[in-house]
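Heads up, the sequence shown is in my numbering, so the first residue is -18 and it goes up one at a time.
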Amino acid sequence: MLKARWMALLGVMFIAATAMAPARATDLSIELRGARTAGTLMIGKTAVGNRVFLAEQELSVTETGHVVFGFGREASGAQQLHIEAPNGERATISIELQPREYDIDRVDGVPQQTVTPDPEQVARARREAQKVAAARNDMSQRLDFLQPLIMPAEGRISGVYGSQRIFNGEPRNPHYGLDIAAPTGTPVQAPWAGRVVLAEPDLFYSGGTLILDHGYGVTSTYIHLHKLHVQVGDIVQQGQLMAEIGATGRVTGPHLDWRINWGQERLDPALALEHFSITE
Ligand SMILES: [Zn+2]
């Protein structure tokens, strides 16, 4: 008898405890910002504690529930984002990337170039490319990419992301930067705060080259610089003078070639400016 009473009492207490525990509703939503096309930088915000996967790749989520990712020049169609709550419940969000066309410049009937590349220069360019790729692999927990983006320099836009020249039917490497033409010496400022992860005064192709880390895989690149005012390890504030525009490396005139990367994906700075230059 007594035992049964105890059991009943325990049962009541158990029900009471369950009712008092905050009923955590599972929130599998994600708020997404950014263009829905190739070359886009995207920032998402989900409930704190959720995990986020881009296809099979798990993304790092900030303490505030933000994730950042991007899609390169060739990306197209539906991309799957999976949100997983702490209780294991999952939702899939489809991001439909709209088709995009690039400026393609076909030049036919040009005399075949018979210049044999200097093997020493080829080896040098390859070493430098590895160094640049390593700098872009940096994965810090800086949150600079959440700041509204500003232009790194003033000048005329003289080249766009994704454009490509095809000589006698042979496609050259696409152009991944946003080119800003301005006289040598024009200041280059940090469009987001960041940490300098590469500062090279004279690379073979890109000349004076700077790479900033903005956190969670987001980096930005500045090439053909005339003068660098920062070094590796420096923390720069948004708007801080970092370098001067130049015509170093393989170029025809002074301009800044500005790039935004997410890991090894190259993104379009113009799209990022369009979507992230004001706080929403
Ligand atoms: Zn360029």
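C-beta atoms are modelled at their ideal positions from N, C-alpha and C, and glycine is treated no differently. These numbers were taken from a predicted model, which means no experiment stands behind them.
Could you give the distance in angstroms between the alpha-carbon of residue i and the alpha-carbon of residue j?
{"i": "A171", "j": "I24", "result": "20 angstroms"}
{"i": "R123", "j": "G196", "result": "4 angstroms"}
{"i": "L254", "j": "V91", "result": "37 angstroms"}
{"i": "P100", "j": "D89", "result": "28 angstroms"}
{"i": "A104", "j": "G69", "result": "49 angstroms"}
{"i": "R17", "j": "I64", "result": "19 angstroms"}
{"i": "I11", "j": "T73", "result": "10 angstroms"}
{"i": "L9", "j": "L62", "result": "11 angstroms"}
{"i": "R137", "j": "G198", "result": "29 angstroms"}
{"i": "Q79", "j": "F34", "result": "21 angstroms"}
{"i": "F185", "j": "G227", "result": "14 angstroms"}
{"i": "A59", "j": "Y83", "result": "20 angstroms"}
{"i": "Q145", "j": "E39", "result": "32 angstroms"}
{"i": "L159", "j": "E44", "result": "32 angstroms"}
{"i": "T97", "j": "E55", "result": "30 angstroms"}
{"i": "P164", "j": "L127", "result": "31 angstroms"}
Is residue j closer than 8 angstroms to residue i when the C-beta atoms are compared?
{"i": "T202", "j": "D194", "result": "no"}
{"i": "G20", "j": "L237", "result": "no"}
{"i": "G214", "j": "V177", "result": "yes"}
{"i": "Q218", "j": "A174", "result": "yes"}
{"i": "I85", "j": "I161", "result": "no"}
{"i": "V42", "j": "N31", "result": "yes"}
{"i": "P133", "j": "W243", "result": "no"}
{"i": "G188", "j": "T229", "result": "yes"}
{"i": "L209", "j": "P182", "result": "yes"}
{"i": "G15", "j": "A28", "result": "no"}
{"i": "L179", "j": "A116", "result": "yes"}
Helix, strand or coil for residue i, going by three-state DSSP, please let me know.
{"i": "L62", "result": "strand"}
{"i": "L124", "result": "coil"}
{"i": "V103", "result": "helix"}
{"i": "E246", "result": "strand"}
{"i": "V42", "result": "coil"}
{"i": "Q212", "result": "coil"}
{"i": "F50", "result": "strand"}
{"i": "L130", "result": "coil"}
{"i": "E255", "result": "helix"}
{"i": "T(-1)", "result": "Because the pLDDT of T(-1) is 49, which lies under 50, any placement of that residue in the model is unreliable, and the question is left without a value."}
{"i": "M223", "result": "strand"}
Quick one: is residue i buried, meaning 16 or more other Cβ sit within 10 Å of its Cβ, or exposed?
{"i": "T190", "result": "buried"}
{"i": "L222", "result": "exposed"}
{"i": "E225", "result": "buried"}
{"i": "I76", "result": "buried"}
{"i": "I259", "result": "exposed"}
{"i": "A36", "result": "exposed"}
**Item:** Any heavy atom of ligand 1 within less than 6 angstroms of residue CB: hits in chain order
**Value:** G140, H156, G158, D160 and D238
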